[in-house]
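Asker: Each residue of the sequence shown is one higher than the one before, counting from 5 in the numbering used here.
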Amino acid sequence: MHIKICEVGPRDGLQNHVKAVGTADKITMIDTLSTCGFYSIETTSFVSPKWVPKMADAPDVMAGIARPPHTKYIVLTPNVTGFERAVVHNPDAIVIFPACSEQFCNRNLNATKRQAFDRFASVAKLAYDHNIPIKGSLSCAGYCPYAGDIAPSVVADDVQRLLDMGCAEIGLADTVGKMTADVSKSVLDRVLKYVSAEKLSGHFHDTDNLALSNVEVYIQAGVTLFDSAVLGLGGCPFANGAEGNLNTRKLIQYLCDNAHTTDVCLDTLAHAEARIRTFV
Ligand code: HMG
Ligand code: MG
5 MHIKICEVGP RDGLQNHVKA VGTADKITMI DTLSTCGFYS IETTSFVSPK WVPKMADAPD
65 VMAGIARPPH TKYIVLTPNV TGFERAVVHN PDAIVIFPAC SEQFCNRNLN ATKRQAFDRF
125 ASVAKLAYDH NIPIKGSLSC AGYCPYAGDI APSVVADDVQ RLLDMGCAEI GLADTVGKMT
185 ADVSKSVLDR VLKYVSAEKL SGHFHDTDNL ALSNVEVYIQ AGVTLFDSAV LGLGGCPFAN
245 GAEGNLNTRK LIQYLCDNAH TTDVCLDTLA HAEARIRTFV
């Protein structure tokens, strides 16, 4: 199977990183990753700088990066304010990111779940009007650090709502890396009644080394797009216990070992890792 990879290191990897990474280094990071052949790079997020100070330089990052045409440069937008800040930088897609649990919407978005979905519907409508593709990234798609297990039927309902908003892609996220392959399987069994596998992607934090078993379940179900982060960076400031994302190298090595292909060159990635290691 040919697998596409969205590199989320510059966004998920740096939003809560222990070290402050300057804007020039972020631009170097993205430009270096751009040489690797990723399908897309989550470049930054136009969220509230009070909530997430490490993403306050989103406009400068977008203005400073080179954008070779083989990669899509996508950004998170939490509300209409974020969309308006982002749209002037012509992102290749925007990411809206509600959660399956009431508690995580509250902590991450300062909103009830209903308010969060309503807010993202307004963003999606604007994106549609601007002809910008929308990715819906659904946090806690099976497990929430505050609410515990999330029923597959809840995930499926939320996926349906994102489809109704016009999402071209829906990413199912294991926000804190606690979902087992069995949980992923139950979620997918239900979700795939409403959406085809080609529209889905997987986003797995790798806290308990479970990410690859989830990747395997998703690939078996026909999913061919995954998020991962260079050097395994990552974590959400509002999700207790969210360790790094699935390491991009670990993902690619696993795919190679299992006779899958990607467009990302491991040698080029090694150069990028060496460069990025100097400032993270
Ligand atoms: P709020 O404080 O309720 O916002 O935050 P508000 O609408 O009440 O506005 C308050 C002030 O913030 C106003 O300014 C707004 O203009 C300003 P003031 O009048 O006081 O001067 N403001 C903004 N400024 C710049 N950009 C904006 C923006 N919005 C408001 N976009 C809000 C609500 C949603 C904005 C906030 O909670 C927020 O930014 N949340 C995002 C949190 C975040 O980035 N989390 C990490 C990303 S999600 C993630 O990592 C999960 C994922 O990886 C998948 C997974 O693993 O699960 C995707
Ligand atoms: Mg994440």
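Quick reminder that beta carbons are idealized off the backbone N, C-alpha and C, glycines included.
Using a Cβ distance threshold of 8 Å, determine whether the segment 118 to 136 contacts the segment 184 to 194, with at least three qualifying pairs required.
Answerer: no
Asker: So which of L80, N262, T252 has the shortest CA-CA distance to A276?
Answerer: T252
Asker: Quick one: is the Cβ of G238 within less than 7 Å of any heavy atom of the ligand MG?
Answerer: yes
Asker: Distance check for Y43 and A278, CA to CA, integer angstroms please.
Answerer: 21 Å
Asker: Using the DSSP secondary-structure output, state which residues sit across from H6 in a beta bridge.
Answerer: T265
Asker: What residue does the beta strand (DSSP E) around S200 start on, and which one ends it?
Answerer: Unbroken run through S200: none, as it is neither H nor E.
Asker: Note down, in chain order, each residue of its chain lying with its Cβ closer than 8 Å to the Cβ of A120, except the 5 sequence neighbours on either side.
Answerer: P102, A103, C109, L113
Asker: Quick one: what's got a C-beta closer than 7 Å to F242's C-beta in the same chain, skipping five residues either side?
Answerer: R111, N112
Asker: Helix, strand or coil: which one does DSSP assign to H207?
Answerer: Correct three-state label for H207: strand.
Asker: Where does C10 land, buried or exposed, given buried means 16+ other C-beta within 10 angstroms?
Answerer: buried
Asker: By the three-class DSSP mapping on this structure, what secondary structure does Y132 have?
Answerer: Of the three classes helix, strand and coil, the one that applies to Y132 here is helix, per DSSP.
Asker: Would you check if the distance between the CB atom of A159 and the CB atom of I174 is smaller than 8 Å?
Answerer: Reading off the sequence, residue 159 comes out as Val, not Ala. It is not a contact, given that the beta carbons lie outside the stated cut-off.
Asker: Return the Cβ separation of C40 and V268 in integer angstroms, given the expectation that the two are a contact with Cβ distance under 8 Å.
Answerer: 5 Å
Asker: Could you tell me whether the Cβ atoms of A246 and H209 are closer together than 8 Å?
Answerer: yes
Asker: Span of the alpha helix (DSSP H) holding E220?
Answerer: For E220, the enclosing alpha helix (DSSP H) covers residues 215 to 224.
Asker: Relative to the ligand MG, is the shortest distance from any of its heavy atoms to the C-beta of A120 smaller than 7 Å?
Answerer: Not so, every heavy atom of the ligand MG lies at least 7 Å from the Cβ.
Asker: Would you give the residue range spanned by the beta strand (DSSP E) that S49 belongs to?
Answerer: 44 to 49
Asker: Less than 7 Å between the CB of A177 and some heavy atom of the ligand MG, yes or no?
Answerer: Remark: the shortest separation between the CB of A177 and any heavy atom of the ligand MG falls under 7 Å.
Asker: What whole-angstrom Cβ distance do V51 and L80 have, given they're in contact under 8 Å?
Answerer: 6 Å
Asker: How should V286 be labelled, buried or exposed, when 16 other C-beta atoms within 10 angstroms of its C-beta is the threshold for buried?
Answerer: Because residue 286 is not part of the residues shown, which for the chain are 5 to 284, the question remains open.
Asker: Could you name the residues of the same chain whose beta carbon sits closer than 6 Å to that of E106, not counting the 5 residues immediately before and after it, in chain order?
Answerer: K117
Asker: Given K129, which residues of its chain have a CB within under 6 Å of its CB, disregarding the five upstream and five downstream residues?
Answerer: none
Asker: How long is the line joining the alpha carbons of P72 and I34, rounded to whole angstroms?
Answerer: Between the alpha carbons of P72 and I34 lies a distance of about 11 Å.
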